[in-house]
Structure formats: C-alpha cells, structure tokens
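Before any comments, here is the structure.
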Amino acid sequence: MARVLEIALKSDYDELGRICISVNEFLESHELSPRVLYGVNLALEEILTNIFKYGYDDECKDHDISVRLEVEGPGVSVQIVDDGNSFDLEKAPEPDLSIPISERTIGGLGIHLVRNMLDTINYQRVDDKNIIELSIKGEAACSGKD
Numbered sequence: 001m002a003r004v005l006e007i008a009l010k011s012d013y014d015e016l017g018r019i020c021i022s023v024n025e026f027l028e029s030h031e032l033s034p035r036v037l038y039g040v041n042l043a044l045e046e047i048l049t050n051i052f053k054y055g056y057d058d059e060c061k062d063h064d065i066s067v068r069l070e071v072e073g074p075g076v077s078v079q080i081v082d083d084g085n086s087f088d089l090e091k092a093p094e095p096d097l098s099i100p101i102s103e104r105t106i107g108g109l110g111i112h113l114v115r116n117m118l119d120t121i122n123y124q125r126v127d128d129k130n131i132i133e134l135s136i137k138g139e140a141a142c143s144g145k146d
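Numbering (UniProt numbering), first residue to last: 1 to 146.
This is how it looks when you write it as structure tokens:
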C-alpha cells in the first residue's frame, strides 16, 4: 500500500471536493486515528481555502498547487506548494478569543484551529513559491505488552 499521496490541483474552489475525497480515501486506507484524519482534513481545507481566496492578485483559477501527504507510522506529514503571495501561517496574528463571536472580525479562527491541531508547521519561501510543511502525530498502536 502506498505511503505517499501526491495531488496536483489548480487554484479553484471546485478542486476542494476532489482533494478531500482523495485525501480521506488515502488516510482511511492506512487506518489512522480519527484525530489524525480530522487534523489533516482541517489543515488542508483551511490552508487551500486561504490560498484560493487570498493567495493570488488575479482572478485566474489556473495557478498550480501541489499537495503531498506521507504516512509516517501513526502520523502524517503534509507539504503544500503554491506560487501565490507570501504568507507564513506562524506569523498570522492570534484571534482574540475573549471577544464574543458575533463581535469578531471574520478571519483568523481557522488558522488558530490548524495551529492547535498540528504538531509542527514550517514555512519557507523558495524561488517565488510558498512551501508549507505540516505534521501531526498519531498514537502508536498498543503492543499488548506490559
């Protein structure tokens, strides 16, 4: 069974459904924990949506984005590469969670959730490309030994 999934997509919201289905099928085939499945899906949906919405100064839906997932034991590493505007998730401001949700400005909560679900987030800008690397650790299977 393949431990790596590579997906090429365009900067179009219509791609999101296809990606989610492919990623779910891949992750479920490796019998990963619900926490890992949820974390990877949340991160991909949030990051890709932000790339589609804010990553490009033009209206073109033909920019190339690549997604690579690798199962590493009970966890998963993810790499997302795009040629959009530079954006480092780690430098995005934290939302003020003390303000009632009805009074908050839109934005920032998804990134906050992603940061809290994942174990590592690394960002680089190389050759006019954003490279986001994420990882989420799963729980090791019980060996049955004391």
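All residues carry an ideal CB built from backbone N, CA and C; glycine is no exception.
Where residue 61 sits in the DSSP three-state scheme = Residue 61: coil per DSSP, three-state reduction.
Coil, strand or helix - residue 116 by DSSP = Helix, per DSSP.
task = Kindly indicate which three-state DSSP category residue 42 falls into: helix, strand or coil?
result = Three-state result, residue 42: helix.
key: Closest Cα partner of residue 74 within the set 126, 50, 65 and 28   = Taking only the C-alpha atoms, the option nearest residue 74 is 28.
task = Report the option in 11, 128 and 131 whose CA atom is closest to the CA atom of residue 62.
result = Taking residue 62 as reference, the option from 11, 128 and 131 with the minimal CA-CA separation is 11.
Residue closest to residue 79, alpha-carbon to alpha-carbon, out of 69, 60 and 49 = With respect to the C-alpha of residue 79, the residue from 69, 60 and 49 having the closest C-alpha is 69.
key: residue 75: first and last residue of the uninterrupted beta strand (DSSP E) it sits in   = Residues 75–82.
message = Considering only DSSP beta bridges, list what residue 137 is partnered with.
response = DSSP lists no partner for residue 137.
inquiry  = By the three-class DSSP mapping on this structure, what secondary structure does residue 35 have?
reply    = In the three-state reduction of the DSSP assignment, residue 35 falls in the helix class, which pools H, G and I.
query = Just to confirm, are residue 136 and residue 40 a CB contact at a threshold of 8 Å?
reply = The answer is yes: Cβ separation under 8 Å.
inquiry  = Let's test the definition: count the other Cβ atoms within 10 Å of the Cβ of residue 43 and tell me whether it reaches 16, buried, or not, exposed.
reply    = Buried, since its Cβ has 16 or more Cβ neighbours within 10 Å.
key: Inter-residue Cα distance where the pair is residue 18 and residue 7   = The C-alpha of residue 18 lies about 10 Å from the C-alpha of residue 7.
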